[in-house]
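Counting from 1333, one number per residue, gives the positions in the sequence shown under this note's numbering.
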Amino acid sequence: MHKIILKAAIVIIFTISIIVSGVLGLELWANRDIPFDSKSWQRGNIAQTTGSGIEPFRHRMVNDLLEQHLRIGMTKNEILLLLGDPWPGNDISWKDEWRYWLNDYFGFDVFPVCAEALILNFSQEGKISNISVSEC
């Protein structure tokens, strides 16, 4: 009797571990880094997580963007060519901070808990003085 219970417990634990590994593996795969591509980046927008059926991808490009493409001292014009217009609502004619939407994160509701963004701060000369990513 004890052997049957032990075997059943082992089978249950094994099954649960496979399911958890699969779920974690899918999450890691869905959020893996991909190379930055300017044209793809510029097609990405907040509508990707509001029912359009397009998987968001900017958050997966941001590491390569930060490591290989963005640098302190770049001008606003260089940023516009590389990344396109910032998040809607940024008036790029005067703002010293531009935000680029990366991804929305949801809790147990249909509304996002927070939005992750790439934040570029500019000096008075119109050059990048700070680069950061908002954390959820």
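Glycine residues also receive a C-beta, built at the ideal position from the N, C-alpha and C atoms.
- In the structure shown, the three-state DSSP call for K1339 is helix.
- DSSP places S1370 in the helix class (H, G or I) of the three-state scheme.
- Rounded to whole angstroms, the gap between the alpha carbons of P1367 and K1339 is 47 Å.
- By the criterion of a C-beta distance shorter than 6 Å, N1395 is surrounded in its chain by D1365, once the five residues flanking it on both sides are discounted.
- In this chain, the alpha helix (DSSP H) harbouring I1411 covers 1408 to 1415.
- Here the alpha carbons of Q1456 and L1398 stand approximately 22 Å from one another.
- By the C-beta density criterion, I1460 is buried, having at least 16 other C-beta atoms within 10 angstroms.
- Between A1449 and Y1432, the gap from beta carbon to beta carbon is short of 8 Å.
- In the three-state DSSP reduction, L1398 falls in the helix class (H, G or I).
- Selection M1393, S1466, G1458, K1335 evaluated against M1406 yields G1458 as nearest (Cα-Cα).
- Nearest to S1370 by alpha-carbon distance, out of E1410, I1345, C1468, is E1410.
- A check of alpha carbon separations from I1463 across M1393, F1389, I1404, I1344 identifies I1404 as the nearest.
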